[in-house]
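Undergrad:
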Amino acid sequence: MPIIDFKAAMCKHCYKCVRDCEVKSIMIRDGHAYIMPNRCILCGQCLISCPQSAKKMSSELEKVKSFIKEGRPVILSLSSAYIGLFQYKTRGQVKDALLKLGFTDVRDTAEAAAMATGEYVKLLEKGDMKNIITTACPSIVSLIEIHYPELIDYLAPVLIPSGIHARMLGEEYGEEARIVFAGPCIAEKEKMRAVSPDAVLTFEELKGWLEEEEIKIDECEDADFDERHLGANLRYPVSGGLLTSVETTKTKPDRYRKFYVSGVKDCLDVCEAMMTGEVKGCFIEMNACHGGCINGPATAATVSSFKVKLDLEATLPREPAELSALSEKARAVSIGRTFKNRARKEIMPTEEEIREILIKTGKTRPEQELNCGACGYPTCREKAIAVCQKKAELNMCIPYLFDRARSMSHLVMETSPNIIMVIDEDLKILECSAATEKYFGIKRKEMKGRLLGEFIDTEDVKEVFRTHTNIHSRKVLYPDLKLATLQNIAYISKGNLVIATLIDVTREEKLEHQEYEKRKATIELAQKVIFKQMMVAQEIAGLLGETTAETKTTLTKLCSLIDDGNESEVR
257 MPIIDFKAAM
267 CKHCYKCVRD
277 CEVKSIMIRD
287 GHAYIMPNRC
297 ILCGQCLISC
307 PQSAKKMSSE
317 LEKVKSFIKE
327 GRPVILSLSS
337 AYIGLFQYKT
347 RGQVKDALLK
357 LGFTDVRDTA
367 EAAAMATGEY
377 VKLLEKGDMK
387 NIITTACPSI
397 VSLIEIHYPE
407 LIDYLAPVLI
417 PSGIHARMLG
427 EEYGEEARIV
437 FAGPCIAEKE
447 KMRAVSPDAV
457 LTFEELKGWL
467 EEEEIKIDEC
477 EDADFDERHL
487 GANLRYPVSG
497 GLLTSVETTK
507 TKPDRYRKFY
517 VSGVKDCLDV
527 CEAMMTGEVK
537 GCFIEMNACH
547 GGCINGPATA
557 ATVSSFKVKL
567 DLEATLPREP
577 AELSALSEKA
587 RAVSIGRTFK
597 NRARKEIMPT
607 EEEIREILIK
617 TGKTRPEQEL
627 NCGACGYPTC
637 REKAIAVCQK
647 KAELNMCIPY
657 LFDRARSMSH
667 LVMETSPNII
677 MVIDEDLKIL
687 ECSAATEKYF
697 GIKRKEMKGR
707 LLGEFIDTED
717 VKEVFRTHTN
727 IHSRKVLYPD
737 LKLATLQNIA
747 YISKGNLVIA
757 TLIDVTREEK
767 LEHQEYEKRK
777 ATIELAQKVI
787 FKQMMVAQEI
797 AGLLGETTAE
807 TKTTLTKLCS
817 LIDDGNESEV
827 R
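Per this note's numbering, the very first residue in the sequence shown carries number 257; after that it's consecutive.
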């Protein structure tokens, strides 16, 4: 299951996540956003920036609850970022609240940060690396492995603190125990798989669980949560905190210049500077989140990250850690790591292919490339390349869509043979097609702003405004204009407007009337013929009756004469 996914039904034609993703690891298909795992560094910025909350994150909360129900020892490694992000009176209350959820023990990940600091100090003292990039931030490790594999040799071969802590706790509590990490970072969910912790939770999930169980941290007991031996390593979640820990721990001078940088964009700039050789001989603390982990994507913070940083700066210690307070088993775990090139070479389109895409969006000249960034890409050219690589869609260009919509609307209004009018709730004409001039004999610009009732009957339009029900193909005659129309009137809820389209059917109506007159004349003629035929038939019948009677009389007389003549002879 992907760590970050999208709810397709809620994600459409926004592109905000594309704009905010510095490494452009989001692909658009049919208006929906999809994560490209081969480019994503899991910084979680898309989760924060999505205005529709269309992103969803995989959760292992139910898995952790099942561990507790099974009765196993479940040990929680808690990121030191809780110090500034949870609401409490004493830090011991945090531990007590989490123990009430069913955890067997709660330990601060700063224990592992102290181990990592020791390794960074060794690298500084050795001085073999051209640059040293800290590897406490899992998103930065991904950034280098995926997008700047040429800089892999600069990555400090030190495991992330949460990974080190998982190994330390595993050694201390044995195979029966289940180790769970909780922090404000999403990338931990991926990186921790390499060191096999049993589950990873975010602060958001942890706080939600506490609310579900109706546990209020500031009402809990002050459990024993001694972190004094961890010293400045409690500062790791704050940008510059790792540098402070290193500086307070090292005892020998080194040749490296040191600085810290936070936020993916600034980290990209530093990487580019290292690529060109402008930055060299430096020890660089890099964090993907602005201000460090205290400003992570899953903090569930209710206060400003600036206030958190100020509070932590004022309260956290600056002395080195007392590693002797950790068990020998914990200190003996392997904390080294290696890195691999995860970059995937993308096929670059030809100049001709790029130009073809630009032309399709109306950019035939360089000055037409606005580089507005609305699509999510900094330049029109980069967006065209993304379209060629099937990562973006042609219609993501907002100025292009606007121009096309405007030109299509203009085309309809200029060329339609029909009367088209946009009418507001006061029955004023806001816009009309060129054809209105032909029928009403008034210039379009003069019609705009005038009342509809000055030109046609308004009852149908009022009906649509009143009922919000569209009218389709209603025949309406305007004798004064010598005009017959079929009217389509549609209600537009956005803006509370009506669009009326009047189709001229005067010619068809005239032809239909002429056809009706022809049929009527034909029927009358047929009726006359039928009547005449009936009269003839009656006359013929009368004549036939008379002649039949005369014939009968004559034949009867003839028969009588014949009868008389025969009798005489016989006698």
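Here a beta-carbon is modelled for each residue, glycine too, at the ideal position from N, C-alpha and C.
Keep in mind it's a predicted model, so treat the numbers as computed, not measured.
Exposed or buried, what is G300 when buried is set at 16 or more other beta-carbons lying within 10 Å of its beta-carbon?
TA: buried
Undergrad: Mapping the DSSP letters down to three states, classify S824 as helix, strand or coil.
TA: Caution is warranted here: a pLDDT of 41 is assigned to S824, below 50, making its placement in the model unreliable, and the coordinate value is therefore given only provisionally. Helix at S824.
Undergrad: Compare the C-alpha of A438 against each of S335, D525 and K647 and name the closest.
TA: S335
Undergrad: For F359, does the count of other Cβ atoms within 10 angstroms reach 16, so buried, or fall short, so exposed?
TA: buried
Undergrad: Assess, as a yes-or-no matter, whether the stretch 566 to 574 is touched by the stretch 484 to 496 under the definition of 3 or more beta carbon pairs within less than 8 Å.
TA: yes
Undergrad: Alpha helix (DSSP H) containing F595: first to last residue?
TA: Element bounds for F595: n/a, residue is neither H nor E.
Undergrad: Let me make sure I understand the geometry here. Which of S816, I435 and M292 has the alpha-carbon closest to that of T241?
TA: A query on residue 241 cannot be resolved here, the shown segment of the chain reaching from 257 to 827 and no further.
Undergrad: Using a Cβ-Cβ cut-off of 6 Å (strictly less than) and excluding sequence neighbours within five positions of S824, which residues of its own chain qualify?
TA: With a pLDDT of 41 at S824, under the threshold of 50, the modelled position of that residue is not reliable, and the figure given next carries that caveat. Cβ neighbours of S824 beyond the five flanking positions: none.
Undergrad: Taking the alpha-carbon positions, what's the T809 to A793 distance?
TA: 25 Å
Undergrad: In its own chain, which residues sit with a C-beta less than 8 Å from the C-beta of L657, not counting the 5 before and 5 after it?
TA: N651
Undergrad: Please report how far the alpha carbon of V761 lies from the alpha carbon of K774, in whole angstroms.
TA: 20 Å
Undergrad: Output yes or no for whether 8 Å exceeds the beta carbon distance between L498 and E541.
TA: yes
Undergrad: In the DSSP assignment, find the unbroken beta strand (DSSP E) run with L332 in it and report its ends.
TA: V330 to L334
Undergrad: First and last residue of the beta strand (DSSP E) that includes G439?
TA: R434 to G439
Undergrad: Work out the CA separation of A777 and E771 for me, nearest whole Å.
TA: 10 Å
Undergrad: Take K766 as the anchor and find which of A630, M791, L739 and C688 has the nearest alpha-carbon.
TA: L739
Undergrad: Does the count of Cβ pairs from the stretch 462 to 470 and the stretch 559 to 566 closer than 8 Å reach three?
TA: no
Undergrad: At the level of alpha carbons, what is the spacing between P634 and K280?
TA: 10 Å
Undergrad: Taking buried to mean at least 16 other C-beta atoms within 10 Å of its own C-beta, is V414 buried or exposed?
TA: buried
Undergrad: Does the distance from the C-beta atom of P440 to that of A337 stay below 8 Å?
TA: Yes, they are a contact pair.
Undergrad: Give the C-beta separation of T757 and I679 to the nearest angstrom, bearing in mind that I take them to be a contact with Cβ-Cβ under 8 Å.
TA: With 8 Å as the limit, T757 and I679 do not qualify as a contact, their Cβ atoms being about 11 Å apart.
Undergrad: Measuring alpha carbon to alpha carbon, tell me which of C476, C538 and A353 ends up nearest D510.
TA: Measuring from the Cα of D510, the nearest candidate turns out to be C538.
Undergrad: Taking Cβ positions, are S305 and L425 nearer each other than 8 Å?
TA: no
Undergrad: Measure the Cβ-Cβ separation of V494 and G548 and say whether it is below 8 Å.
TA: yes
Undergrad: CB of C628 to nearest heavy atom of the ligand HEM: below 7 Å?
TA: Among the ligands in the structure shown, none appear at all, so the ligand HEM cannot be discussed.
Undergrad: Quick check on the DSSP output: the alpha helix (DSSP H) that includes A612 runs from which residue to which?
TA: Reading off the sequence shown, one finds Glu at residue 612, where the question assumed Ala. Start and end: E607 to K616.
Undergrad: Comparing C-alpha positions only, which one of V362, L303, L357 and R700 sits nearest to I331?
TA: Ranking V362, L303, L357 and R700 by Cα distance to I331 puts V362 first.
Undergrad: Can you list, in chain order, the stretches of the beta strand (DSSP E) that have 3 or more residues and sit fully within the stretch 668 to 706?
TA: 675 to 679 and 685 to 688
Undergrad: Beta carbon of D352, beta carbon of K312: below 8 Å?
TA: no
Undergrad: Which term fits P673, buried or exposed, when burial requires 16 or more other beta carbons within 10 angstroms of its beta carbon?
TA: exposed
Undergrad: Taking the DSSP output, what are the residues bridged to F541?
TA: Reading off the sequence shown, one finds Glu at residue 541, where the question assumed Phe. Looking at the DSSP assignment, E541 forms a beta bridge with Y516.
Undergrad: Could you give the C-beta distance for A272 and A455, rounded to a whole number, given that I count them as a contact under 8 Å?
TA: Position check: residue 272 holds Lys in this sequence, whereas Ala was assumed. At roughly 31 Å, the Cβ-Cβ gap does not stay under 8 Å, so K272 and A455 are not in contact.
Undergrad: Relative to the alpha-carbon of L520, which residue among A372, P394, I339 and E316 has its alpha-carbon at the smallest distance?
TA: A small fix is needed here, since residue 520 is Val in this sequence, not Leu. With distances taken between Cα atoms, V520 lies closest to P394.
Undergrad: The alpha helix (DSSP H) that contains T373, what's its start and end?
TA: A366 to K382
Undergrad: Could you check whether the stretch 747 to 755 touches the stretch 796 to 803, counting it as contact only if at least three pairs of C-beta atoms, one from each stretch, sit closer than 8 Å?
TA: no
Undergrad: Can you give the Cα-Cα distance for I391 and L457, rounded to whole angstroms?
TA: Position check: residue 391 holds Thr in this sequence, whereas Ile was assumed. Looking at the two C-alpha atoms, the distance is approximately 20 Å.
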